[in-house]
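Chemist:
Residue numbers (the working numbering): 146 to 373.
(1) How should residue 268 be labelled, buried or exposed, when 16 other C-beta atoms within 10 angstroms of its C-beta is the threshold for buried?
(2) Relative to the C-alpha of residue 105, which candidate in 290, 179 and 190 has its C-alpha closest?
(3) For residue 269, which of helix, strand or coil comes out of DSSP?
(4) Do residue 320 and residue 197 count as a contact pair if the criterion is CB distance below 9 Å?
(5) Given a threshold of 16 other Cβ atoms within 10 Å of its Cβ, counted over all protein chains shown, does residue 303 qualify as buried or as exposed?
(6) How is residue 264 classed by DSSP in three states: helix, strand or coil?
(7) If you drop the 5 nearest sequence neighbours on each side, which residues of the same chain put their C-beta closer than 8 Å to that of residue 164?
(8) Three-state secondary structure (DSSP) at residue 307?
(9) If you check the beta carbons only, do residue 324 and residue 202 fall under 9 Å apart?
(10) Measuring straight from C-alpha to C-alpha, what distance separates residue 154 and residue 162?
(11) So, helix, strand or coil for residue 151, using DSSP?
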């Protein structure tokens, strides 16, 4: 199969600059691959997430800290509760259920006991997990909806450039998604100075950028060091 020049450029546009071609994408972009790619940059608010957007950074932190308070209250309540009687071992419970039961008339019955302990409800996931999953799902939906994915690759690049990590703490796990949505996405197609200011302004929410900026000393600082 011979691939024409335009179709080869369409493959490059999707694979090198986008997130890969879906069925029918190469044919749609073959007429003007470069224009097809640049059209995504000209779309208004191409990087923003609207449908539906997860909670803002402040709202996410309010939910997280409220969940932390509730967990502490439950732990304190459990610590102050009277000690419980030791539960019967599982093997003993099975043996007891299989043993013949004595009826009111004195007869024995080999039917297993019907009184089974109710299964405890599974614990609810912590707030940071719920918020992080909502952010990941919103990001995935946005990537799937992208026509080419060029803007989404730019978002991923600059989010990674500012070294946003979710492995440091639960606070960072909560802050990573809002940082990308509120600092990176609105400024991804603008000036780098605006992107940098937004990234630095959003950092105090939870010190979500782990990049340490080292500034060279000014001449005045050098002079003060020499005088000292």
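Each residue gets a CB set at the ideal place from its N, CA and C atoms; glycine is no exception.
In this text the structure is predicted, and so the values were computed from the model without any measurement.
Modeler: Let me lay it out:
(1) exposed
(2) Absent from the model: residue 105. The displayed extent of the chain is 146 to 373, so no value can be given.
(3) coil
(4) no
(5) buried
(6) coil
(7) 288, 291, 293, 294, 297 and 298
(8) coil
(9) yes
(10) 11 Å
(11) helix
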